[in-house]
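Residue 194 in our numbering is what sits at position 194 of the sequence shown, and the numbering runs on without skipping anything. Accompanying notes for the structure given below.
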Amino acid sequence: MLSTNPKVQEFVSHIKYVVFDEVHSIGASPEAHIWEHLLLLIQCPFLALSATIGNAAKLHAWLDNAEQGKTDKKRRVDLIVHHERYSELELSIMRVAKPQPIEANLNDIGDSSSVSSDTIEGDIIEPFMPYGVFMPEKIRMFGIPDDQQLTARQVLQLYTTMAAVDEKTKEEFEPCRYYGYKMAEPLWLSRAALRKLENGLKQRLLLWLAEDEQKMRKVLDILAKPIDEQLQHRAVPFNKVLFQCLSSGSCGTVRMFPCFVQEKLALDNIVRLVDEMKEKNMLPAMCFNDDRNVCESLALRLCEELEARETEFMNSAEFKTKYAIKDEDKYSKIAKRKRDMADKKKGEKNEEEDEPQEVDDADPFAAQRARLKQVLAKFRLRGRGGGDQDIYDKMIERMKKGSKGRESTRTLLRLFERGIGYHHGALNNAEKGAVEVLYRAGHLAIIFTTSTLALGVNMPCKTVLFGVDTPFLTPLLFRQMSGRAGRRGFDHSGTVCFMSVPTRQVFF
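Structure follows, in structure tokens:
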């Protein structure tokens with residue numbers, strides 16, 4: 001744009017339209033100044049797109065003011081806002097046990113293995129209503145976010161909770177009466193009709209905030225009850241070991257106060273979490289972590305567990321009885337001997353002789369191999385559709401050629417066999433491309449990634465996990481990452497699950 005080269009300026013003059021995708025990056029990326037320069041310097045019309053920007057009106061005012069000063073034509077910048085999301089999000093939290101204080105030697109301070117907690121029984125994924133983490137004070141200051149749209153199940157839950165608190169609300173918003181339902185007649189609810197009921201309940205909730213705050217607090221308390229205990233557990237310090245001396249003299253023994261070590265908590269629970277997600281059909285998934293080492297550690301932990309389970313199964317009596325292929329070497333030698341004899345006879349025969357009989361090359365173990373492949377599939381995660389084998393073979397071959405000898409390539413090839421991958425800035429283009437292609441094709445069921453997959457890449461999934469907390473997890477980045485879940489055309493709704501994330505981050 002600033003070049004004085006005539007050829008460059010000639011090229012710029014031929015640009016008729018510019019599209020700025022993910023324009024919110026102007027305030028949330030290291031290249032923000034480049035975005036600003038481009039928006040100020042372009043002379044042609046433009047289209048700026050963003051699905052997660054929080055202050056669209058302010059950005060629009062700045063762009064409109066900048067556009068007025070570019071030319072004498074005084075072009076106007078129009079703001080188009082669309083609040084509807086085609087796949088709503090359901091929130092959930094990974095249940096963790098209450099951390100227990102323990103006695104330890106001073107040498108153990110800082111060792112994550114010395115921090116103890118009980119084992120959680122039952123399901124580890126706990127769904128919760130988004131309003132359950134709202135505070136009246138915060139709603140009074142900022143209101144209910146426009147992008148916080150509820151699923152049909154959540155709208156019904158909100159109505160049921162409000163109806164239990166207020167009889168007038170129960171009668172006025174009773175779904176059958178609200179939609180004019182008549183017995184024996186089918187009633188199809190459109191998305192617009194669902195939003196109408198949701199907005200009505202929201203307005204009634206805000207009315208209570210202004211006139212009868214006690215009712216609103218009762219509703220929020222009921223909605224928060226399923227995760228209230230979990231939020232209290234997560235309110236203790238994360239990654240900090242607080243201790244006191246037990247003896248008045250030398251501090252040889254200490255009592256460590258309750259705390260959570262995020263990485264340990266994630267590593268200890270990732271296998272159980274993925275098992276439950278697989279059982280509840282919540283895959284494919286993406287797990288976001290700001291630390292590359294955490295991404296790799298979680299992926300390897302899950303892979304090692306699947307490998308160990310397969311090894312244990314193949315050493316079991318059930319496998320040896322039902323699935324082990326016996327005498328395979330013997331039959332292979334017999335088949336090879338038959339082929340050699342047939343080739344020898346074919347070379348010795350005359351043209352007048354009859355054709356020799358065909359050799360039966362059919363695999364006598366084909367059916368058993370198919371059964372074995374089917375039973376071993378439970379030790380491999382599968383994404384959407386299961387994937388095309390040709391695509392898988394091509395990507396593996398390309399990785400081996402383009403990344404020969406790299407440790408990360410060897411690790412990824414091992415993970416791919418289990419339907420797992422990781423993605424971060426340290427991977428080369430061949431490795432990143434393989435992870436992205438195989439995930440979209442359905443070969444990978446879960447990816448552990450940094451913010452490299454938060455924007456700009458078409459990577460739809462069913463569930464988004466927030467693994468380990470980071471100070472860089474802003475509301476904007478959260479909306480961008482969570483937007484990967486429940487993409488249009490794939491799922492009716494997406495799921496967001498908080499793993500090792502403290503209470504304060506869940507509240508934002």
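Positions of the beta carbon are idealized from the N, C-alpha and C atoms, including for glycine. Please read these numbers as outputs of a predicted model, since none were measured by experiment.
Alpha carbon of residue i to alpha carbon of residue j, nearest angstrom
| i | j | result |
| --- | --- | --- |
| residue 529 | residue 10 | Lying before the first or after the last residue shown, residue 529 is absent from the chain, which here runs from 1 to 508. |
| residue 187 | residue 387 | 38 Å |
| residue 532 | residue 480 | Examination of residue 532 is not possible in this model, given that the chain is present from 1 through 508 alone. |
| residue 102 | residue 217 | The predicted position of residue 102 is uncertain, since its pLDDT is 49 and thus under 50; a value taken from the coordinates is nonetheless stated next. Rounded to the nearest angstrom, the two C-alpha atoms are 37 Å apart. |
| residue 166 | residue 229 | 26 Å |
| residue 209 | residue 143 | 10 Å |
| residue 232 | residue 78 | 46 Å |
| residue 500 | residue 177 | 43 Å |
| residue 189 | residue 154 | 15 Å |
| residue 168 | residue 136 | 21 Å |
| residue 330 | residue 289 | Model confidence at residue 330 stands at a pLDDT of 49, short of 50, so the residue's coordinates are unreliable and nothing is read from them. |
| residue 222 | residue 498 | 20 Å |
| residue 192 | residue 87 | 14 Å |
| residue 95 | residue 125 | 6 Å |
| residue 282 | residue 181 | 33 Å |
| residue 295 | residue 213 | 44 Å |
| residue 61 | residue 407 | 50 Å |
| residue 14 | residue 74 | 21 Å |
| residue 448 | residue 54 | 27 Å |
| residue 505 | residue 33 | 28 Å |
| residue 384 | residue 391 | 14 Å |
| residue 460 | residue 370 | 31 Å |
| residue 374 | residue 323 | 10 Å |
| residue 310 | residue 432 | 28 Å |
| residue 51 | residue 227 | 29 Å |
| residue 261 | residue 234 | 11 Å |
N- and C-terminal bounds of the beta strand (DSSP E) containing residue i
| i | result |
| --- | --- |
| residue 499 | 493-500 |
| residue 464 | 463-468 |
| residue 446 | 446-449 |
| residue 48 | 46-48 |
| residue 126 | 125-128 |
Selection from the options that minimises the alpha carbon distance to residue i
| i | options | result |
| --- | --- | --- |
| residue 12 | 27, 20 and 43 | 43 |
| residue 485 | 446, 48 and 223 | 446 |
| residue 442 | 277, 85 and 284 | 284 |
| residue 319 | 301, 376, 269 and 183 | 376 |
| residue 90 | 464, 401 and 469 | 464 |
| residue 423 | 293, 27 and 226 | 293 |
| residue 157 | 421, 128 and 148 | 128 |
| residue 417 | 298, 134, 438 and 23 | 438 |
| residue 225 | 323, 419 and 132 | 132 |
| residue 48 | 147, 25, 154 and 31 | 25 |
| residue 63 | 385, 82, 23 and 86 | 23 |
| residue 494 | 151, 471 and 440 | 151 |
| residue 145 | 126, 384, 84 and 122 | 84 |
| residue 19 | 45, 3 and 130 | 45 |
| residue 220 | 161, 269, 181 and 195 | 161 |
| residue 149 | 141, 199 and 5 | 199 |
| residue 204 | 492, 483, 425 and 172 | 172 |
| residue 164 | 194, 141, 139 and 215 | 215 |
| residue 452 | 471, 426 and 81 | 426 |
| residue 440 | 450, 280 and 490 | 490 |
| residue 122 | 413, 470, 97 and 141 | 97 |
| residue 58 | 71, 81, 70 and 41 | 81 |
Reduced DSSP category for residue i - H, G, I as helix; E, B as strand; rest coil
| i | result |
| --- | --- |
| residue 31 | coil |
| residue 379 | helix |
| residue 372 | helix |
| residue 92 | strand |
| residue 259 | Note that residue 259 scores a pLDDT of 48, beneath 50, so its modelled location is shaky and nothing firm can be said. |
| residue 110 | In this prediction, residue 110 has a pLDDT of 46, which is less than 50 and means its spatial position is unreliable; nothing more can be read from the coordinates. |
| residue 18 | strand |
| residue 179 | coil |
| residue 420 | strand |
| residue 391 | helix |
| residue 116 | Interpretation of residue 116 is limited by its pLDDT of 46, a score under 50 that renders its predicted location unreliable; the figure taken from the coordinates is listed afterwards. Residue state, collapsed to three classes: strand. |
| residue 185 | coil |
| residue 287 | strand |
| residue 97 | coil |
Range covered by the alpha helix (DSSP H) that runs through residue i
| i | result |
| --- | --- |
| residue 56 | 56-68 |
| residue 200 | 191-211 |
| residue 139 | 136-142 |
| residue 10 | 6-13 |
| residue 436 | 429-441 |
| residue 157 | 152-165 |
| residue 320 | 317-322 |
Distance cut-off 7 Å: residue i Cβ against heavy atoms of the ligand GDP
| i | result |
| --- | --- |
| residue 269 | Judged by which ligands are present, the structure shown has none, so any question about the ligand GDP falls away. |
Review point. Are the stretch 264-283 and the stretch 396-409 touching, with three or more C-beta to C-beta distances below 8 Å?
Key: Verdict: no, contact absent.
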